[in-house]
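Counting in numbering that gives the first Met the number 0, the sequence shown runs from 0 upward without gaps.
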Amino acid sequence: MDITQNFGIIKQEDSWKINFMADLKHIRNFSIIAHIDHGKSTLADRMLEITHTIETRKMRDQVLDSMELERERGITIKMQPVRMEHTMDGQKYILNLIDTPGHIDFSYEVSRALKAVEGSILLVDSTQGVQAQTLTTLAMAREGGLKIIPVLSKIDSPLSRVDEIKEEVMLLLGCEESEILLVSGRTGEGVEDLLREVIKKVPAPVETFAGDNVLRALVFDFKYSNHKGVIVFVRILDGQVRKGDSLMFAISNEKFSSLEVGTFSPEETPRDVLSSGDTGYIVTGIKKPGIASVGDTITMAKNPLMPLSGYMKAMPVVWASVFPEDADDFAELKASLGKLKLSDSAFSYEEESSGSLGRGFRCGFLGMLHLEIITERLKREFNLELVITTPSITYEVTNKHGKKEKVYSPYFFPDDGEIEVVHEPWVDVKIISPSPYIGAIMQLLFDHEGEVGETDNFGDNRSSVSVKMPLRELMRNFFDDLKSVSSGYASISYELREMREANVTRLDIIVADEAVPAFSRVVSKKRVEEEAEKAVEKLHTILPRQMFSMKIQGKALGRIISSRSISGMKKDVTQHMYGGDITRKMKLREKQKKGKKKMKERGRVNIPQDVFLKMMRSGGVE
0 MDITQNFGII
10 KQEDSWKINF
20 MADLKHIRNF
30 SIIAHIDHGK
40 STLADRMLEI
50 THTIETRKMR
60 DQVLDSMELE
70 RERGITIKMQ
80 PVRMEHTMDG
90 QKYILNLIDT
100 PGHIDFSYEV
110 SRALKAVEGS
120 ILLVDSTQGV
130 QAQTLTTLAM
140 AREGGLKIIP
150 VLSKIDSPLS
160 RVDEIKEEVM
170 LLLGCEESEI
180 LLVSGRTGEG
190 VEDLLREVIK
200 KVPAPVETFA
210 GDNVLRALVF
220 DFKYSNHKGV
230 IVFVRILDGQ
240 VRKGDSLMFA
250 ISNEKFSSLE
260 VGTFSPEETP
270 RDVLSSGDTG
280 YIVTGIKKPG
290 IASVGDTITM
300 AKNPLMPLSG
310 YMKAMPVVWA
320 SVFPEDADDF
330 AELKASLGKL
340 KLSDSAFSYE
350 EESSGSLGRG
360 FRCGFLGMLH
370 LEIITERLKR
380 EFNLELVITT
390 PSITYEVTNK
400 HGKKEKVYSP
410 YFFPDDGEIE
420 VVHEPWVDVK
430 IISPSPYIGA
440 IMQLLFDHEG
450 EVGETDNFGD
460 NRSSVSVKMP
470 LRELMRNFFD
480 DLKSVSSGYA
490 SISYELREMR
500 EANVTRLDII
510 VADEAVPAFS
520 RVVSKKRVEE
530 EAEKAVEKLH
540 TILPRQMFSM
550 KIQGKALGRI
560 ISSRSISGMK
570 KDVTQHMYGG
580 DITRKMKLRE
590 KQKKGKKKMK
600 ERGRVNIPQD
610 VFLKMMRSGG
620 VE
């Protein structure tokens, strides 16, 4: 058989690559799932090297982490698809990999990736063992009916405990020891064998509909280009798509023409066609917001097929309001948020107005890290100066007249005299930690109003603890406190559950006799004095001195709870005077005193942007 019937040779830069179109039995779609820092991105790097997807001279660490923030923090924030070609036993296969984040805030990214594949590599760090997020991602993969391939990473580490961790994985999956593969993402040991195992065990994609003018593609992500418009990331379930095809979104019912189709190598690489089983992208040319959405189905405009089930909508966990420091930047902030939404479907926002802060946006996030990433991107990518309010969660407030409303911002939380009852969300928490730290963790859970359930021996002198607690308390620096009391060894995952009655109140921070809405927060009545003292002390430390003296006060329950003063900046107005009558100096000082009094009466405190950010990070979430 003539090889040119199956392979088209194309020149790409200085190297020759195979433009290979495979039938379904030669395609494998898989992801890598794991707890944070268990080596997913490093393993993906070695796979790209072994399959020659990227030239050696172009290789770098975390090659699939394209965002600057990802590389700085050493974590994966966005899922990243890539197409690899690999030969086994004389047969060429297409391996479509989706690398996924490990941090709990980005679980929604993981859930979307898992709907676009048939199998997953469950990666477990051989120095740390099974962690809380390992259990969460495994549950997602099992729910999707995916083939699970267990793999131990970092086997080259002197701290590796392969035999012990194997026992944990066998207990977790109910698998045989021979099914667990060993790899080192750093050295490449075992990665070739892992690719063979992926080809052997991950099922090939199955086509439901076939024929000409047939297409069903699942949109699992998208981004925006100023030149190309919306670019959707798709998994082709049925049929095929070419450049110039007339297509439509099943949910929005919007029609468009495909301006370009291609795959990820890992950069976007144009191709003639995407067929069943492929993972790739389609350039839509659409520049209107709100048309594309994750979970939507793309079909042929003239022959639409039944849409796919799609995804559950992401539910925000943390809310914060974002205002431009300069009111003239409102339009720019609105446009910037719209562009971020196109690259992060879990992020949500809507316009709101504050009497003192002006027009801004109430934004929903999946956690504190997600909030930090979004605000940092706004600063870096769009060069915006922002005022960010203290993060909060959603409360259900019933007033004295029986009216119920959801409150997303502390600024709009009613006064105590207007409230009949407040309800707040609770979460189911799973903590895995070495057993010697369990006592300290129990004390921490007590301090954060946790209800401890089952405590099980997890093997390897580790224990797992099931807990129910208010989401408010989970977000109140619980993650940092847990790492502190466990010396960094404990891991955590959580899920939102029911609403329960809450005993909370609004704490206002007053600066120079003026309440600053961005610093308001909802706190437990049991800790209101402690929180007021902490907030006032923190602001006293970081707020720059003004030309006049001012008070910083914490107010809650109808009274001032905490207070600190900052003296005004001083200037020796008599410095230029040498000798003469003392009354001249006294007159100047008296004039200065009057001027400062007038400034205090009329002046407003200038609070820099970095002060708002520092208060946001230190204050936790209520």
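Heads up, the beta-carbon is just placed ideally off N, CA and C, and yes, glycines get one too.
The alpha-carbon of F364 is positioned some 17 Å away from that of R111. Counting of Cβ neighbours within 10 angstroms places D479 among the exposed residues, the total staying below 16. Contact annotation: the stretch 194-208 touches the stretch 234-242, with at least three C-beta pairs closer than 8 Å.
The Cβ atoms of H447 and E472 sit closer than 9 Å to each other. Per the DSSP secondary-structure output, E450 pairs in a beta bridge with K467.
Boundaries of the beta strand (DSSP E) harbouring S274: V272 to S274, taken from the DSSP string. H85: member of the beta strand (DSSP E) spanning Q79 to M87, first to last residue.
Closest in C-alpha terms to N302, from the list N212, D124 and S564, comes N212.
Between G189 and the set I373, L42 and I509, the nearest pair of CA atoms involves L42. Residue F232 holds the alpha-carbon nearest to the alpha-carbon of S342 among P433, R215 and F232.
Separation of K429 and E494 (C-alpha to C-alpha, rounded to the nearest whole angstrom) is 9 Å.
The beta carbon of S183 is closer than 6 Å to those of I154 and D155 in its chain, skipping five residues each way along the sequence. Looking at the DSSP output, K91 shares a beta bridge with T86.
Residue pairing from DSSP places I551 in a beta bridge opposite V510 and R563.
For S275, same chain residues with a beta-carbon under 8 Å away, outside a window of 5 residues either side, are L23, P204, E206, A209, I235, L236, D237, G238 and Q239 in chain order. Secondary structure note for I154: it is in no beta strand (DSSP E), with a DSSP letter that is neither H nor E. The continuous alpha helix (DSSP H) containing R111 extends over residues S106 to L113.
Judged by beta-carbon spacing, M474 lies within the 9 Å limit of V317, meaning their Cβ atoms are closer than that value. Taken in chain order, the unbroken stretches of beta strand (DSSP E) that lie wholly in the stretch 207-290 and span 3 residues or more are 214-224, 228-241, 245-248, 254-256, 259-263, 267-269, 272-274 and 278-282. Short of 6 Å from the beta carbon of V515, and not among the five residues preceding or following it, lie these beta carbons of its own chain, in chain order: I508. Setting aside the 5 residues that flank it on each side, T454 is surrounded in the same chain by I437, S462, S463, V464 and S465, each with a C-beta closer than 8 Å to its C-beta; the list follows chain order. A Cβ-Cβ separation of about 6 Å places H37 in contact with S152 under the 8 Å criterion. Collapsing the DSSP output to three states places G118 in a strand. L47 is bridged by DSSP to nothing; it lacks a bridge partner. The C-beta of H369 has 16 or more other C-beta atoms within 10 Å across all chains shown, which makes the residue buried. V81 is not a Cβ neighbour of S125, given a cutoff of 9 Å. In the structure shown, the three-state DSSP call for G359 is strand. Note on D277: 16 or more other CB atoms within 10 angstroms of its CB, so buried under the neighbour-count rule. Proximity of the stretch 142-150 to the stretch 255-270 falls short of the contact definition, fewer than three beta-carbon pairs being nearer than 8 Å.
When Cβ pairs closer than 8 Å are counted between the two stretches, the stretch 92-101 is seen to touch the stretch 111-122, the count reaching three or more. Here DSSP, grouped into helix, strand and coil, assigns S519 to coil.
In the DSSP annotation of this structure, A313 is not part of any alpha helix (DSSP H), being labelled neither H nor E. N28 is classed as buried because its beta carbon has at least 16 other beta carbons within 10 Å across all chains shown.
Assignment of beta-bridge partners to N476 by DSSP yields no partner.
Contact between the stretch 553-564 and the stretch 528-544 is present: 3 or more CB-CB pairs across the two stretches fall below 8 Å.
DSSP, reduced to helix, strand and coil, places L383 outside both helices and strands of the structure shown, so it counts as coil.
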